[in-house]
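Have a look at the structure below before the remarks.
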Amino acid sequence: MNLRRASWLALAIPITVALAACSSSSSSSSSSSAPASSAPASSAPASSSAPASSAPASSLKTGLNVYVVPKQLGQSYFTTADSQNSGGAIAAISSLGSTGTETSGTAATPAAQIPAIQAAIAKGANALVVSATDPTALCPTLQSAMKKGIAVVTYDSDAPTCRSLFINQASTAQIGTSEVDILAKELNGTGQIAIVSAAASATNQNAWIGYMKQELKKYPKMSLVATVYGNDDATVSTQVTQGLLQQYPNLKGIISPTTVGIAAAAAVLDTAKYRGKVMLTGLGTPDSMKKFVSDGTVKAFELWNPADLGYLAGYAAIELASGKITGAQGQSFTAGKLGSYTIGADNTVLLGPPYVFDASNINKFNF
Amino acid sequence: MNNLAERLRGAARWETGLALVVIAVLIAGSSASPHFLTGGNLFNVGLSNGEIAIMTLPLTLIVISGEIDLSVASILGMASALLGVLWKDGWPMPAVFITVAIVGLAAGAVNGLLVTRLGLPSLAVTIGTLALYRGIATILLGPNTVASFPTAYTNLGVNGVPGTGGDVTYSTLIFVVLAVIFGVVLHATTAGRSIYAMGASAEAAQFAGIRVKRIKTVLYMVSGLVCSLAGVLYTFRLNTAVQNNGLGLELDVVAIVLLAGVSIFGGKGTVIGVVLAVLAFAGIQNALFLTNFNQEASGIVTGALLLASVFVPNAARWLRYLPQKIRPRKISPQEIGPQET
């Protein structure tokens, strides 16, 4: 009996120690504090609004606590968009003398993301930079944040009714139409095509797919035979791509507007049977696509620079939290190295046109 | 009877250990973050764990009866999808609720009948229906999202129960009420004792005149009903019906039930244990969020906790017999004798 109790203690003690350890260090791998030259991050975050007169953006508040909430942790796309090292959101935030911390769930679902946002609010966030896993599900949480005076910026994927500002990576219309145009050029405007998307509920995916369907009307000999969902999971994306090829033996092209999906689809197509016979384009990261571009499986694909997207979102969050902008149309601000931006319709800032990667330029990029 | 009392006493010791873990989590959590023991945080924890907690209760009874139900999260997803589709089609909300409840009952009945009448292993059956019910949810909604629910309902994701200072969510209240009901049924009724008996030995229970098949079918139907209720709560809380609602939650539900000391082989476990396990599970997850713990590693903590919950009781037994194992065995001549002749 005593042994049994003793072994229970053995279970309880490490938990206590582990949690206590968290309290003392209070850091995560992705958090980064402000540089030493600016206001110390340890000072009371909400009240420290003393302007740092030496910094160029002199009227911006420093010492703010900004939580960057990607759709999920552990994806290279979001790591690039968020982290200090890649020059993403946290880099922008810390260059302005505030503290940026990345937090989210380990699955790209609202149910996993909401607790992370709630915890950030509880920890006294001054601003949230969020890539929404769902356009509406996050709203009660984000609205409660805004009621508390927290600046809410969405990036990458929007929650239109519950934020002050959305940083759009590229215009939805441009991405949707240009991907169809790239594929149409490769296929001479003829043949069956399919789409490998992420989650069925993903806001950005569905908006792009809507524009793809519109653009396809320009190419009467091209037909969209199926849209399948890989849930931004490499294994699932591989399976659904294999399923497509079996179900539609005459398939000539695939569009995958998701970085996980296009890499998985490219790996499936990277065999003698399909290479050059089934064309693939979509949104991908240069690092994950270099191999497939060099061996001819993929001719061209698009993306924006996720680090720039995060950087712009981080800058905008500080501008909002400092009260310099409110997110209204027509306001403009300067986002450090990226230059000046003006807020457009629907309280949206557009990063720029999508960038097309092909064999001629892909080796210049590393992310 | 005596045997049952002994078993309950054995379980009580497990609950003591769990209570210690909960206290450890509370102390560690509140010392790690000033936001841990606050009403607002209680609301957040209740909101993000309510449906999982509710689904553990019927599963507890099923596991004690010697079976398993892995389709719980898929029934949640199917109920959510159905709720979305019917509401979008303009059904009045009461009719939607009744339909969702009936479909939940039917989903449970399919599980129960396949397990009891066809005698199929419940692990295989419910892995099958896990995929099947999720598939139905996908067909019902496709890639669409329904997010046009009336605010009166979606407010349960925003406001607490009146009279609690807004700190207790509706899902928490429902969990507490259901826990009391399930606790009374399991621990204070003939039906409850029958569930333990059939978990210990289905055959013996059958010979003792217990209607094993009927009770198990009813348990699966209750599970279906409760999971569809969880699906409704989940949908309103997120104001979103989408085919992948609750995807993968069955692992959390099963983990909590095992952590509660419910024997996966049946016949053992208590509702108090499950309530404590819910508190421990939700508390640890929340504390990790509040302390900026690397979320990618939070799976390690819950996984380790689950392994420990399986290992600890066996470790105690193992340690007790360890001296005998280490001590060199004296081999008597009689033992060797027959081999040599």
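Residue numbers (our numbering), protein chains in the order written: chain A, 1 to 367; chain B, 1001 to 1341. By construction, the Cβ of each residue, glycine as well, lies at the ideal position given by its N, Cα and C atoms.
C-alpha gap between residue i and residue j, whole angstroms
i, j, result
"A:S38", "A:K61", "Unreliable positioning characterises A:S38 in this predicted model, as indicated by a pLDDT of 36, which lies under 50. The coordinate reading is nonetheless provided below. Roughly 11 Å separates the two Cα atoms."
"A:P135", "A:D82", "21 Å"
"B:A1137", "B:P1162", "33 Å"
"A:R163", "B:A1255", "36 Å"
"B:H1035", "A:A151", "20 Å"
"A:A357", "A:Y67", "Here residue 357 of chain A turns out to be Phe, not Ala, going by the sequence shown. Cα to Cα, A:F357 sits roughly 31 Å from A:Y67."
"A:V260", "A:Y229", "11 Å"
"B:T1154", "B:M1093", "13 Å"
"B:A1147", "A:L128", "23 Å"
"A:T99", "A:A267", "39 Å"
"B:I1023", "B:A1282", "13 Å"
"A:V240", "A:Q246", "10 Å"
"A:N363", "A:P110", "36 Å"
"B:L1120", "A:V236", "29 Å"
"B:V1242", "B:L1319", "49 Å"
"B:A1297", "B:N1286", "14 Å"
"A:S76", "B:L1305", "29 Å"
"A:Y355", "A:A112", "32 Å"
Continuous alpha helix (DSSP H) stretch holding residue i: start and end
i, result
"A:D358", "From DSSP, A:D358 is part of no alpha helix (DSSP H) but of the beta strand (DSSP E) over 355-358."
"A:I93", "89-95"
"B:K1088", "1072-1088"
"B:S1228", "1212-1238"
"B:A1280", "1271-1290"
"B:L1249", "1249-1259"
"B:T1116", "1093-1116"
"A:I182", "172-187"
"A:K147", "139-147"
"A:L244", "234-247"
C-beta contact flag for residue i and residue j at 8 Å
i, j, result
"B:L1225", "B:G1077", "no"
"A:Q72", "A:A108", "yes"
"B:G1066", "B:G1267", "yes"
"B:I1054", "B:I1174", "yes"
"A:K299", "A:E186", "yes"
"B:E1015", "B:G1273", "yes"
"A:I193", "A:K277", "no"
"A:P115", "B:N1041", "no"
"A:A375", "A:A159", "What is shown of chain A runs 1 to 367, which leaves residue 375 of chain A out entirely."
"B:L1258", "B:P1058", "no"
"B:G1046", "B:S1171", "yes"
"B:G1090", "B:K1216", "no"
"B:T1126", "B:S1080", "no"
Residue-level contact to chain A via CB, residue i, 8 Å cutoff
i, result
"B:Q1206", "no"
"B:F1175", "no"
"B:S1048", "yes"
"B:P1162", "no"
"B:N1111", "no"
"B:T1217", "no"
"B:S1298", "yes"
"B:A1147", "yes"
"B:L1247", "yes"
"B:F1289", "yes"
"B:T1169", "no"
"B:G1040", "yes"
"B:P1143", "yes"
Minimum Cβ-Cβ distance from residue i to chain B less than 8 Å
i, result
"A:N206", "yes"
"A:P140", "yes"
"A:S201", "yes"
"A:D134", "yes"
"A:S32", "Any reading at A:S32 must be qualified, since the residue scores a pLDDT of 38, below 50, and its modelled position is unreliable; the value itself is stated next. Answer no: the Cβ-Cβ gap between A:S32 and chain B never drops below 8 Å."
"A:T106", "yes"
"A:A74", "Before going further, note that residue 74 of chain A is Gly rather than Ala in the sequence given. Taking Cβ atoms only, chain B reaches closer than 8 Å to A:G74, which makes this a yes."
"A:P115", "yes"
"A:T348", "no"
"A:Q246", "no"
"A:E215", "no"
"A:T172", "no"
"A:N148", "Per the sequence shown, residue 148 of chain A should be read as Lys rather than Asn. So no, A:K148 is outside the interface."
Range covered by the beta strand (DSSP E) that runs through residue i
i, result
"A:S332", "332-334"
"A:N204", "Per DSSP, A:N204 belongs to no beta strand (DSSP E); it is in the alpha helix (DSSP H), 203-216."
"A:V260", "Unbroken run through A:V260 is the alpha helix (DSSP H), 259-269; no beta strand (DSSP E)."
"A:N305", "That residue, A:N305, is in no beta strand (DSSP E); it is neither H nor E in DSSP."
Discussion item. Extract the residue ranges of the alpha helix (DSSP H) inside the region 61-124 of chain A, only unbroken runs of 4 or more that lie entirely within it.
Written reply: 76-82, 89-95, 110-122
Worksheet item: In chain order, which alpha helix (DSSP H) runs of at least 4 residues are fully inside the region 1118-1168 of chain B?
Response: 1122-1141, 1151-1154
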